[in-house]
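Following: one structure in structure tokens, then a few remarks.
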Amino acid sequence: MDVSFSSDYQGVKGLLGNLRRFFANLELPEEILSNNGLEFVSYETAEVLKKWGFT
Numbered sequence: 004m005d006v007s008f009s010s011d012y013q014g015v016k017g018l019l020g021n022l023r024r025f026f027a028n029l030e031l032p033e034e035i036l037s038n039n040g041l042e043f044v045s046y047e048t049a050e051v052l053k054k055w056g057f058t
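The opening position of the sequence shown corresponds to residue 4 in this note's numbering, with each subsequent residue numbered one higher.
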């Protein structure tokens, strides 16, 4: 599924905000695939995804 959200924020803050909204409306996916952009490989993103159960 390819989903786009808009955000007032960019970078990690925008990514995590969009993921929170997306996951609030749908169940968590088994995996997340990315283009390895800086937002996806940041420490902050990794910590939040761990809290959500991603490894």
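Note that beta-carbon positions come from the ideal geometry of N, C-alpha and C, so glycine has one too.
Close Cβ partners of residue i (< 8 Å) along its chain, the five nearest in sequence each way excluded
i     : result
Trp55 : Phe26 and Leu31
Three-state secondary structure assigned by DSSP to residue i
i     : result
Glu34 : coil
Gly17 : helix
Val51 : helix
Leu22 : helix
Cutoff 6 Å; reference residue i; Cβ partners in own chain excluding five residues on either side
i     : result
Val15 : Glu42, Ser45, Glu47 and Thr48
Rounded C-alpha distance that separates residue i from residue j
i     : j     : result
Leu52 : Thr58 : 7 Å
Asn21 : Asn39 : 17 Å
Glu34 : Gln13 : 22 Å
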